[in-house]
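End of the sequence shown sits at 2043 in the working numbering; the numbers just go up one at a time, nothing left out.
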Amino acid sequence: KQGVESGGQKKRAGDSSTDAQQTTKKPKKSDLYKPPTAEELNNLKEVETLFHSNLFGLQLSDMLKEITPKEKHVHQFDAWLGLFRKTLATLPSWDRAQDKPEALLKKVPLPLPATLPRDQKCRFRFVPPKSVHVVGSHAFGGAVGPDAIVDLALEMPLECFEKTDFLNQRYHQKRALFLAVIASRLRKSELVEEMAFSAHQGDVSVPALTLRPAGNAGKHFQVRLLPYPCSEQFKESRFVPARSNLRSSWFYKTTHSGTADELPSPLYNASVLSDMRMVANARFLAEKLAQAPALIEATRLLKVWLRRRHLDRGPGAFSGFVMTLYLVHLLMKRQLSPMMSSYQAARFVLLTLSRSDFATEAVTLCTEQVANQPTLEDFRASYPLVLVDAGGFLNACSSVSTESYLRVKHEAGLAITFLDSCSADSFEVLFVAPLPFERTFDCFLLLTEKDLDSAVEALSLRAELADLSGSKTRAVSKALCSILRRGFGDRVHLVATRLTPPAEWKIGREPPAALESLEIGLLLNAARCYAKVERGPAADSPDAAAFRQLWGDKSELRRFPDSSILEAVVWSGKTASERRTISLRIARHLLSRHAGIEACTIVGDFLDPLLVPSGVEFSSPQHYGTGEELGGELLAAYDELARCLRRQHDLPLTVSSVRGASPTLRLTEVFPPLKGFLVSDLGTTFVQDNVYAIPLAFKAHVPHLVPISTVVVHMEATGKWPDDLEALRRVKAAFHLTLARLLRDNEHLVTAARPEHVDVLKSGFVFRVCIAAHKEIGLARQTVAPNGAIKIRDTKLSSKIEFETEILPSLTSTLHGLQQQHSTFSAACRLAKRWVASQLLSNHLTEECIELLAAAVYLSPAPYVVPNSPRLGFQRFLALLANHDWTRQPLILNLADKFTREQVAELHSNFVNQRSTLPPMFIATPLDGRHASHWTRHSPTGQILQRLTALARESLRVLEGQILCPIEADIRQIFRPPLDPYDVIIHLDERRVPTVHTAVDCTVTTGLRPSKSNILPVVGFDIVAQYVRTLEEAYGELALFFYDRYGGNLVAVLWKPNAFVPQPLKVSHMGGYILKGKDMMVPNVEAIVEDFSILGNGLVECVEARTSKWTI
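Below is the structure:
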């Protein structure tokens, strides 16, 4: 052994010195300019033909190099394997068979759960493995690195068995004993670094021993030991699906008179057959893939794809072995060719999977019939999915659940869609980005062990438990998902369960107790999930009885407008938030009726209460819902106002377009304006000129905030606008006066004219109408040079006018269209804005920026589908903030598909070349115009972006934890800001905060009363925002200020790092400073903190200094 190791070390040392010489050798200068070789040209042509971009081809090639074990490492492992085989062969045998073999296991307990029944007739004698074979993907060179797992099949000799060991899981028990003895003998071996037991393919009754080789081999490989019976022990025909090898007297300990002792055991039979066929299947795959290295690489790609989606591990998983068998099936059918590239083969397998139907079509690799071989019909009678191996006896899909297969099929269809979209980040979407279960589905059903017990009894599943090793989770999962698919029909795209593999455990410990629980995810179909009526068959149809049996007393006969009389189920839903609960009510009814589960935990849109002003008592809470219906009323009033404006033919120019330009008109305002007035505002205003509500000065009351709905009106094109900017503004003021008079006289609307706009009261909502002239932007761009020349360039004023009159209206119409397409966008966006504000970042992130980030979740949902739940949309918004690489990747929103493929590539190129001059958060849209990332040019800064991503990451962790434990969850937890980082806290008087009724933890309550139709309320008056702006203007050089615009009762202050560095004395900048020495000045912090209170006199309650950073 020492000689072998020393020889290997010398050889490796020689190899390393040779490699060093090769790497240090510089290429000749002439080699740098040689024309490409034929092979290089072929590779370039292949990349151009196969991939939508060179980058995708390079990424794929690099990943394959990274996950393919290097030949040097394989040689090191082979050397270790030779020594390991010798060690196994020299393990001491037991002298005779033991009646109680577990008693001899002292330091390594039997790796089977204590809850699993043990057969007392199990006599066992340990004999070393007869042979050791490499099986699994490593056998044909398809192992996936960098930490590859190598499966070793250990042949259990005939001496280990008795004649009837096929009964009552005795084989599994002896298999576990075999592994336990080997583990105990290898504990002190120098070849093994560490060992642990695991549940093979998620089945706790089939343990595997996983070990880490010592030395260099262990740096790149793990080894999994899998025993299998010798060929002389069992006949394959003993384990055909219809044969029973389990007895109820063994599993239940008692046998009821009049009942059969035999229990169905198709899964147990397949489990034993899987071990028996392990070596043969490895040889079969190696033979079929021997001449197809590209197909071996394709298996690697497919396994990585499965792993990222968490679909290849756990009970019922679609393993890499099944995927490889399916690839070989396509190869044998000549649908795949060995000449295909790895990408072509992997893509075709995904395409075929997305179109497959294993539920009705049986797949077989067997080409020769054998005696006593079961037919495909026999397999179909015992298993929902059938993929028969080359031997003809084993169904490789026996342990794959229907839910896993349907999800793999669904994900394969999505993968083909992503590849066809030619997206620049399709590689990351397919092979890098993980898909957490909590972030994939719209709704969740969480069943506890008590719920599973109820379901087992209600669905009569006790007879199936023995074949499932007593797992109530697997038994109930299959039955419930079938019922849910029937009940939901086309309301859902997918019903799936979480695949959670049992945890590994150290060899010296008892196996962990299995946690019996079930998590079911529902992926909703946006077109049907919120429908209030479920139409069934006709009353006289043969299917009517089955429909009534499914729905029970919920089913009723109904006549529809087309005169048809059908069985139907009707669900109530007056508001959007109530309609979003229909899916949850359907699930609850089905579980209660068929499974006897009355109090199941169902997770839906539990964040909806945060979209309701908790401080307002509505006379009809259902009518408000989450404000979406109020937003609809606002849009209806806006449409009517637009028609009124177009009817004003007495204006000097005809109205050419009317466009909204505020969050209320794109349905993204967190709290839409209420129709009416709050009781707390009663008696605090007086009416002036029978139109205006004016606050009473002596009341010292601040009216509640009424958001402004801005409407931009463009007139027909004309050359008569003045050429002077000030004159043009005066003409616009005249237009506003005329428009106010016409609306008042012709439409009987309450109006208030100002030089810059007209406020109009329509249907209880206030609209701010602004006349826009495109010529004003051009005039604002003109600047006069000292020599009298006129220069045309962008100015702050021209950019502001263009943004307010052209860009914002375009954004409003685009996002309104997105809301029409995806009904949950509005609520998700409002949750996002509420969360950003609750983290005291209201003045550090523009509303438009947050809306675009929320829109990105719907426009570019990959690797998911578009969310159909506001909570899920908000969850992915947090994930986008937390996980997007803002430093290296731009966020490109192709609104209305206006970007071409070339423009997107140019944006990426410009981003890379100009990164240092671009804002920290770069968001590109077709509406940007001449300014790159118009929405984030000034905010957020780099420091604020880091803070935002850190908060998003932590909030996402908390939120996804609440999804798993919603009963104990405090839904407002992530909407409460951490105050530890701040230096000064300015506490505000809640009675003077105009949005106090919308606070996250609201402590005041007020009622809502109908408004008087002829009184124009105070609009857009946010005294807290004005106070923060005043602080920023006065002390923005020294500190950053943070507040929550939605009911926040404090302003947080953070001193800038260089605020207290002494500055040279400047008389013009002495405000807030004191002298330090003769010619230096430093901030007078005590006076500044006092100024905070003085500037907010009447609004500020107190100022709390939390740190002493200003000590100089």
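Idealized CB from N, CA, C, for every residue including glycine.
Below-8 Å beta-carbon distance, residue i vs any chain B residue
i       : result
Tyr1274 : Absent from the structure is chain B; it holds one protein chain and no more.
Coil, strand or helix - residue i by DSSP
i       : result
Asp1690 : strand
Gln1994 : strand
Val1622 : coil
Gly1076 : coil
Lys1264 : coil
Trp1986 : strand
Gly1452 : strand
Phe1128 : strand
Thr1867 : helix
Cys2033 : strand
Gly1951 : coil
Asp1288 : coil
Ser1115 : helix
Glu1498 : strand
Separation of residue j from residue i, as counted between CA atoms
i       : j       : result
Pro967  : Asp1356 : 29 Å
Cys1161 : Met1209 : 11 Å
Ser937  : Arg1238 : With a pLDDT of only 37 at Ser937, under the threshold of 50, the placement of this residue in the model should not be trusted, and no figure is reported.
Gly1892 : Ile1451 : 16 Å
Phe1324 : Ala1201 : 9 Å
Leu2045 : Lys996  : Outside the displayed range of the chain (932 to 2043) lies residue 2045, so it cannot be described from this structure.
Tyr1199 : Leu1233 : 28 Å
Ile1113 : Leu1022 : 8 Å
Pro1032 : Arg1101 : 13 Å
Thr1512 : Asp1581 : 50 Å
Gln1619 : Ile1625 : 7 Å
Cys1760 : Trp1236 : 31 Å
Pro1042 : Leu1108 : 8 Å
Pro1367 : Leu1887 : 12 Å
Val1081 : Met1263 : 26 Å
Leu1012 : Gln1266 : 37 Å
Val1633 : Arg1922 : 8 Å
Sequence-distant residues of its chain with Cβ nearer than 6 Å to residue i (five each side left out)
i       : result
Asp1539 : Ser1508 and Thr1557
Leu1142 : Val1123, Met1126 and Val1154
Arg1802 : Asp1536 and Leu1538
Arg1510 : Tyr1461 and Gly1504
Glu2035 : Ile1916
Residue range of the beta strand (DSSP E) that includes residue i
i       : result
Gly1467 : Val1464 to Ala1469
Pro1432 : Taken as a continuous stretch (DSSP letters only), Pro1432 belongs to no beta strand (DSSP E), as it is neither H nor E.
Cys1701 : Phe1696 to Ala1703
Leu2014 : The question names Leu, but residue 2014 is Pro in the sequence shown. Residues Met2011 to Pro2014.
Ile1894 : Not the beta strand (DSSP E): Ile1894 falls in the alpha helix (DSSP H), residues Gly1873 to Leu1895.
Pro1138 : Pro1138 to Pro1144
Residue range of the alpha helix (DSSP H) that includes residue i
i       : result
Asp993  : Asn985 to Ile998
Asp1816 : Looking at the DSSP string, Asp1816 is not in any alpha helix (DSSP H), and its letter there is neither H nor E.
Arg1393 : Arg1393 to Leu1396
Met1209 : Met1209 to Leu1220
Phe1368 : Premise fails: Phe1368 is in no alpha helix (DSSP H) and is neither H nor E.
Gln1153 : It is not in any alpha helix (DSSP H) - Gln1153 instead sits in the beta strand (DSSP E) that spans Phe1152 to Pro1160.
Own chain partners of residue i with C-beta closer than 8 Å, once the 5 adjacent residues on each side are dropped
i       : result
Val1955 : Leu1919, Val1924, Pro1925, Thr1926, Tyr1974, Arg1976, Gly1979, Val1982 and Leu2030
Lys932  : With a pLDDT of only 35 at Lys932, under the threshold of 50, the placement of this residue in the model should not be trusted; the figure read from the coordinates follows. If we look at Lys932 and ignore the five residues flanking it on each side, its Cβ neighbours are Leu1014.
Cβ-based neighbour list, residue i, same chain, cut-off 7 Å, excluding 5 preceding and 5 following
i       : result
Asn1099 : Asp1050, Leu1177, Arg1178 and Trp1181
Ala1716 : Lys1722
Leu1947 : Val1622, Tyr1623, Ala1624, Val1681, Ala1683, Asp1690, Leu1692 and Val1697
Pro2024 : With the sequence shown as reference, residue 2024 is identified as Ser, and Pro is not the correct amino acid for it. Once the five neighbours on either side are set aside, the close Cβ partners of Ser2024 are Val2031 and Val2034.
Practice item. Count the C-beta pairs between the segment 1111-1127 and the segment 1069-1079 that are closer than 8 Å, then say yes if the count reaches three, no if not. Key: no
Check your understanding: Just checking, does the segment 1369-1384 make contact with the segment 1519-1534 on the three C-beta pairs under 8 Å criterion?
Key -> yes
Practice item. Determine, using beta-carbon pairs with one atom in the segment 1636-1649 and one in the segment 1595-1605, whether at least three such pairs fall under 8 Å. Key: yes
Check your understanding: Does the pairing of the segment 1950-1964 with the segment 1889-1907 give three or more beta-carbon distances under 8 Å?
Key -> no
Review point. Does the segment 1609-1618 touch the segment 1929-1944, meaning 3 or more C-beta pairs lie closer than 8 Å?
Key: yes
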